[in-house]
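Everything on this sheet refers to the single structure shown next.
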Amino acid sequence: MYLNREIQYWKERGAKLCAAMLLTFFTACSPEEPAPQKTALKEPYPPPLRQTLRWMGHWKDEGAREKLVHEVREEFSFRHPEIDLQFKFAKDILPEKSQYAAAAYIAEMIRSGNLEWDVIWLDPLIYTEVAIELDDWNWGHKHLVNFLTVPEVMANHQPILVGSSDAHKYTAGLFPGPYIEGFFYAAWYNKQTADKLGIRIREEGMTTEDLLNYVKKVHAHNQTAEKPITAFLDFGGSGATLRLFYNLLLSCQFTDHYQPDQAATLARIRALFKELGRYEPLKPGLVTGKWPEAARSLLEGKALLYFDATWRYNAFEQVDSKGLEHLRLAQLPEFGGHGHSIGGYISTWAVLKNAPGSEAGVELMKYWSRPEIAERWVRYTKSPTGLKGNLYDPRYGLDTHAYFQRRISSMSRHRVAAPIMFSSRFIDNGIHLDPDVAKSTVALLAGQDASEPADDE
């Protein structure tokens, strides 16, 4: 009896539960539910007007420098969707990649009024050549943005580029754009070659006596060597031995406001070069005007020393990044071994103020002037920069080239003279010298003495 009532209870409850579930199902699927109304599509807002910026790039095929340009181009485009950035390297625009070709191109744009680019490649040499083309030294004040009026750019530059009266004398007093690139003149050398010859290159305070000893050891090796070595790498248009000459000339000025007798200094250099010439530092020589082949001579140990700027780092890297591990940097030799350093800062781009994209061009230069760019520059190039930044980034000092640049920078904090040539000691506006005197002196290294006066008969 009890069991029958229990069964009857669960039957009735189960029926009620099924009915409730069916009611829920049919309610959810009822065709009487009104279909959602389609809303009419509204007309989209018109896209914002985009400003076109035409940028003439620099540093193509220069390793990490080119990498930095592409990084900035991509970052700037991402941060400024309102700007249509059109980019092309100067090397792909000009008939040849040279400052002279760039100057002729810029001068023609200004003469014709057809400003094809808003941001142009411009360094002090290009500025000077444009001035010659236009017969107007002050052409920049008429056609370029002066960044002395842009506080965001000024605030991110080294004090020498802001407060010095001579800071922009090579561009007629105009601040043409960010001084991204900096450099030191140095003696590049192949450490493997030096070790093979039993030479320990003096990286700081190298004297002329040190240099003479290095050349003597190379000469002694070449007397019996199956594969002789060139003591000084030099090639067509490199100017390497001229840098050695001028550094020796400048080294005599590095005392407190002392102006030496230039004739006596020249006589001293001539005597040194004559002595060096006896040991044939330029033989067996490299007869080529092309950089890659010359670079390989040093990278592969066929040459010992090459006098050039620290900006060659990326050029060597592009030729042979593995061979670059064998190269080291030393201060250029000098009389007395005072350990001075010569270098400079170079502006890289300028903005044509009458071009349609000049405002966007100024924004691009502001981006290039940021401390983050300075940090990447010194990390990628192992060279100083005119921008302010944290030069002690831990990733910056992981190799010998970075260490050299950081060490020399710390020695050269008191920089005087114009940005194209700064120093850690006193220098009075550089050296004014007849170029032919320098060339005839350098010729002594090859045993040529055309300037020697003839004997009286």
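Per the numbering used here, the sequence shown starts with residue 1123, numbered consecutively.
Ideal Cβ placement from N, Cα and C applies to all residues, glycine included.
Note that the structure is a prediction, hence the values are computed from the model and not measured.
Paired residues, beta bridge with residue i - DSSP
i	result
residue 1175	1207
residue 1303	1468
residue 1266	1474
residue 1450	1311
residue 1241	1177 and 1473
residue 1427	1311 and 1354
residue 1509	1279
residue 1255	Answer by DSSP bridge pairing: none, since residue 1255 is not bridged.
residue 1456	1329
C-alpha gap between residue i and residue j, whole angstroms
i	j	result
residue 1478	residue 1233	17 angstroms
residue 1356	residue 1393	20 angstroms
residue 1318	residue 1204	59 angstroms
residue 1439	residue 1186	8 angstroms
residue 1569	residue 1561	13 angstroms
residue 1491	residue 1206	21 angstroms
residue 1191	residue 1489	12 angstroms
residue 1310	residue 1174	43 angstroms
residue 1427	residue 1290	33 angstroms
residue 1321	residue 1457	20 angstroms
residue 1567	residue 1505	29 angstroms
residue 1471	residue 1361	25 angstroms
residue 1193	residue 1398	46 angstroms
residue 1102	residue 1248	Outside the displayed range of the chain (1123 to 1579) lies residue 1102, so it cannot be described from this structure.
residue 1434	residue 1372	22 angstroms
residue 1225	residue 1498	29 angstroms
residue 1432	residue 1415	19 angstroms
residue 1503	residue 1403	29 angstroms
residue 1176	residue 1336	51 angstroms
residue 1333	residue 1196	46 angstroms
residue 1235	residue 1259	19 angstroms
residue 1389	residue 1366	15 angstroms
residue 1264	residue 1256	12 angstroms
residue 1501	residue 1524	7 angstroms
residue 1278	residue 1299	12 angstroms
residue 1556	residue 1563	11 angstroms
residue 1172	residue 1327	56 angstroms
Option in the options with minimal Cα separation from residue i
i	options	result
residue 1212	1242, 1369 and 1204	1242
residue 1364	1308, 1406 and 1291	1308
residue 1301	1526, 1571 and 1508	1508
residue 1445	1451, 1456 and 1422	1422
residue 1348	1297, 1406 and 1338	1406
residue 1275	1523, 1502 and 1493	1493
residue 1391	1559, 1221 and 1417	1559
residue 1231	1486, 1474 and 1556	1474
residue 1240	1556, 1258 and 1480	1480
residue 1273	1521, 1485 and 1221	1485
residue 1442	1417, 1482, 1368 and 1304	1417
residue 1202	1339, 1563 and 1482	1482
residue 1271	1340, 1386, 1555 and 1487	1487
Simplified DSSP assignment, three categories, for residue i
i	result
residue 1354	strand
residue 1329	strand
residue 1567	helix
residue 1561	helix
residue 1144	Any reading at residue 1144 is ruled out, since the residue's pLDDT is 35, under 50, leaving its predicted position unreliable.
residue 1279	strand
residue 1216	coil
residue 1433	coil
residue 1442	coil
residue 1184	coil
residue 1395	helix
residue 1247	helix
residue 1294	coil
residue 1383	coil
residue 1479	coil
residue 1338	helix
residue 1317	helix
Own chain, CB closer than 6 angstroms to residue i, minus 5 neighbours either side, in chain order
i	result
residue 1200	none
residue 1316	1323
residue 1565	none
residue 1229	1252, 1255 and 1256
Cβ neighbours of residue i in the same chain (closer than 8 angstroms, five flanking residues each side left out)
i	result
residue 1217	1223
residue 1425	1312, 1315, 1351, 1352, 1353, 1354, 1355, 1408 and 1419
residue 1325	1450, 1451, 1452, 1453 and 1526
residue 1246	1292, 1293, 1468, 1469 and 1542
residue 1238	1176 and 1231
Cβ neighbours of residue i in the same chain (closer than 7 angstroms, five flanking residues each side left out)
i	result
residue 1179	1191, 1209, 1210, 1211 and 1212
residue 1268	1296 and 1297
residue 1215	1178
residue 1496	1507, 1509, 1510 and 1511
residue 1383	none
residue 1227	1216
Residue i Cβ short of 7 angstroms to the ligand MG heavy atom set
i	result
residue 1231	Absence of the ligand MG from the depicted structure is noted, as is the absence of any ligand whatsoever, leaving it without description.
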